[in-house]
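Residue numbers (the numbering used here), protein chains in the order written: chain G, 460 to 722; chain L, 460 to 722. Scroll down for the structure; my scribbles are underneath it.
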DNA sequence: TTGTCTTATTTTGTATGCAAGAAAAGTCAA
DNA sequence: TTGACTTTTCTTGCATACAAAATAAGACAA
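This is how it looks when you write it as structure tokens:
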């Protein structure tokens with residue numbers, strides 16, 4: 460007979476999770492850049508557990524698509540070349556547009572409330588940013604609500620497999636962002652301010668359209684508006700990334716034409 | 460200095476792979492049904508390795524989506540309820556349609572040759588089946604070429620992430636097939652023969668349309684024809700599965716309306 | 001110096017031991 | 001018998017030991 464059975468306050472895989480979060484954080488914060496060799500002994504010491512849970516954590520992170528394990532050669536932070544980046548964007552465009560489409564059909568009242576709340580928070584934040592002097596905390600909060608908006612749609616779609624897939628792509632995308640795109644931020648921060656405010660209004664407008672289409676239960680419109688929104692975001696990522704093309708050893712001339720530029 | 464460095468004839472993760480293939484085979488052949496408890500000690504004995512590689516194999520299989528690991532409670536063959544099955548079908552429909560669309564744009568000559576070859580083989584086999592008495596080996600070969608056809612399109616799409624995703628869904632689907640659908644085969648094999656031949660011709664016709672759209676570089680047509688083809692396949696799976704609904708403890712009345720029946 | 005062979009060190013892959021949690025069996029009152 | 005409590009057995013999670021492979025360092029001839 461079970462004592463307390465399931466969902467008692469047990470520590471579940473404590474060490475493996477610990478190692479997993481430790482490594483994931485290091486990767487996503489840019490401390491371990493793409494190609495960084497992830498040696499089990501070092502990681503075990505740094506994260507304070509033994510090699511076994513570290514190995515399991517690495518497998519877990521491989522699943523998440525941010526670590527690459529080659530037998531006998533060990534694990535390293537996933538190297539992302541231009542082709543893979545393009546593939547990731549293609550897939551994300553398709554899956555997230557689809558999630559908007561599904562959300563328009565399947566959403567519950569709570570889903571709508573969540574999406575709307577994220578949207579309205581962004582609206583307020585963008586409003587504040589028109590006149591604010593200390594923009595950094597506002598921008599950070601804006602990014603948070605942006606993610607919340609997209610996540611709420613993903614939840615409203617009601618497909619857990621789809622959600623897991625998209626979240627995986629987001630993680631993948633984060634590595635690109637932290638390592639290849641954020642690098643430019645300092646360079647053009649001078650002109651960014653006014654430029655970005657215009658862009659923020661544009662993003663807000665996109666979100667408004669997407670939200671309304673979902674709320675009105677118009678799947679096709681939701682899909683289209685989400686598609687346009689993401690295409691815009693992705694195109695910008697690509698441009699930013701292209702500036703750092705030197706960092707991509709696998710960049711070939713043939714890869715220059717992007718699929719989303721043609722559609 | 461490296462001796463022979465990379466890609467020498469090294470045995471890579473021999474034991475883990477061994478355990479992985481052993482377990483995967485058992486699951487996909489139906490020997491370990493959904494919910495089957497996968498105990499490390501037993502698997503270690505059966506597959507002839509120790510517990511460590513078995514654990515790693517289980518993690519691997521979890522990433523493939525066919526095993527479910529709950530901390531402290533151990534691993535078991537993934538239980539698939541109707542909702543998850545529906546989600547899987549939704550996703551597969553979207554992703555494979557997309558792969559046809561991409562294939563129409565990105566295919567190389569070799570891709571077309573491969574797709575065409577699979578198609579023509581199927582054509583010949585269906586022709587033979589019109590008059591054949593011993594149909595089983597022919598049907599088996601037909602299934603093989605069918606998979607080859609879809610795989611060739613996936614390759615032609617030129618997106619490795621997409622491909623990996625779809626292959627994962629196929630694996631997922633295989634579990635459903637072997638455990639919930641194949642069960643019916645014996646029951647209606649009597650009427651199946653003539654019925655199935657009609658269906659084979661229909662599938663062949665679908666493939667022809669898909670192949671031609673891809674070859675002619677018509678992405679939209681390729682997507683649409685692939686979508687219709689898969690919708691047909693999936694709908695049939697659902698019907699077959701519904702016959703065994705008793706086996707799905709999570710089946711709810713609310714789940715009965717299927718998204719693909721409405722579109 | 002440079003290139004090649006040999007030796008030493010590091011790191012991975014695997015097996016195994018042990019503690020703590022979960023499942024099963026046993027015990028006993030109603 | 002049933003139901004709750006206790007005890008036993010089993011299983012997982014983690015640490016560690018060890019062999020084999022890979023990497024790095026050293027030796028030595030040209």
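Ideal Cβ placement from N, Cα and C applies to all residues, glycine included. No experiment lies behind these values; they were computed from the predicted model shown.
- Around residue 556 of chain L, the same chain offers 682, 685, 686 as residues with beta carbons nearer than 6 angstroms, after the five sequence neighbours per side are excluded.
- Of the candidates L:577, L:476, L:531, L:531 places its Cα closest to the Cα of residue 496 of chain L.
- Beyond the five residues adjoining it in sequence on each side, residue 585 of chain L comes within less than 6 angstroms, by CB distance, of 659, 663 in the same chain, given in chain order.
- Beta-bridge analysis with DSSP links residue 595 of chain G to no other residue.
- Under the criterion of beta carbons closer than 8 angstroms, residue 558 of chain L and residue 621 of chain L qualify as touching, at roughly 6 angstroms.
- In this structure, residue 523 of chain G sits near residue 630 of chain G, with a CB-CB distance shorter than 9 angstroms.
- In the three-state scheme derived from DSSP, where H, G and I count as helix and E and B as strand, residue 533 of chain G is classed as strand.
- Residue nearest to residue 703 of chain L within the set L:540, L:501, L:504 is L:540 (criterion: CA-CA distance).
- Here the alpha carbon of residue 519 of chain L sits roughly 30 angstroms from the alpha carbon of residue 574 of chain L.
- By the CB criterion at 9 angstroms, residue 549 of chain L and residue 476 of chain G fall outside the cutoff.
- Judged by DSSP secondary structure, residue 677 of chain G falls outside any alpha helix (DSSP H); it is assigned neither H nor E.
- Residue pairing by DSSP puts residue 528 of chain G in a beta bridge opposite G:534.
- By the Cβ rule, the segment 509-517 of chain L does not count as touching the segment 590-599 of chain G, because fewer than three pairs are nearer than 8 angstroms.
- If you look at residue 567 of chain L, you'll find it isn't in any alpha helix (DSSP H); DSSP assigns it neither H nor E.
- With respect to residue 625 of chain L, residue 554 of chain L sits close: the two C-beta atoms are nearer than 9 angstroms.
- At a cut-off of 9 angstroms, the C-beta of residue 547 of chain L has a neighbouring C-beta in chain G.
- Counting C-beta pairs with one atom in each stretch, the segment 604-618 of chain G and the segment 492-511 of chain G have fewer than three that are closer than 8 angstroms, which means they do not touch.
- Counted as a single uninterrupted DSSP element, the alpha helix (DSSP H) harbouring residue 499 of chain L occupies residues 499-506.
- Interface residue (Cβ-Cβ distance to chain G less than 9 angstroms): residue 684 of chain L is not classified as such.
- Looking at G:521, G:507, G:560, the one whose alpha-carbon comes closest to that of residue 676 of chain G is G:560.
- Within the segment 618-642 of chain G, no complete beta strand (DSSP E) segment of 3 residues or longer occurs.
- The beta carbon of residue 607 of chain L sits closer than 6 angstroms to the beta carbons of 577 from its chain, once the five residues preceding and following it are set aside; these are given in chain order.
- As a beta-bridge residue in DSSP terms, residue 496 of chain G pairs with G:535.
- A Cβ-Cβ distance of about 6 angstroms is found for the pair residue 494 of chain L and residue 536 of chain L, placing them in contact under the 8 angstroms criterion.
- Rounded to whole angstroms, the Cβ separation of residue 547 of chain G and residue 628 of chain G is 6 angstroms, and the two are in contact under 8 angstroms.
- Ranked by Cα distance from residue 569 of chain G, the options G:689, G:491, G:674 are led by G:674.
- Across the structure, residue 691 of chain L and residue 594 of chain G are spaced so that their CA atoms are roughly 54 angstroms apart.
- For chain L, none of the residues of the segment 652-669 of chain G brings a beta carbon within less than 7 angstroms of one of its beta carbons.
- Using a Cβ distance threshold of 9 angstroms, residue 487 of chain L and residue 693 of chain L do not count as a contacting pair.
- Residue 553 of chain G sits in a helix when the DSSP states are folded into three classes.
- Contacts between residue 510 of chain G and chain L, judged by CB atoms closer than 8 angstroms, are missing: the closest CB pair is about 11 angstroms apart.
- Using a 10 angstroms sphere on the CB of residue 666 of chain L, the tally of other CB atoms reaches 16 or more, which defines it as buried.
- Interface flag for residue 483 of chain G against chain L is unset, since no Cβ pair is found closer than 9 angstroms.
- Burial state of residue 672 of chain G is buried, judged by a 10 Å Cβ sphere holding 16 or more other Cβ atoms.
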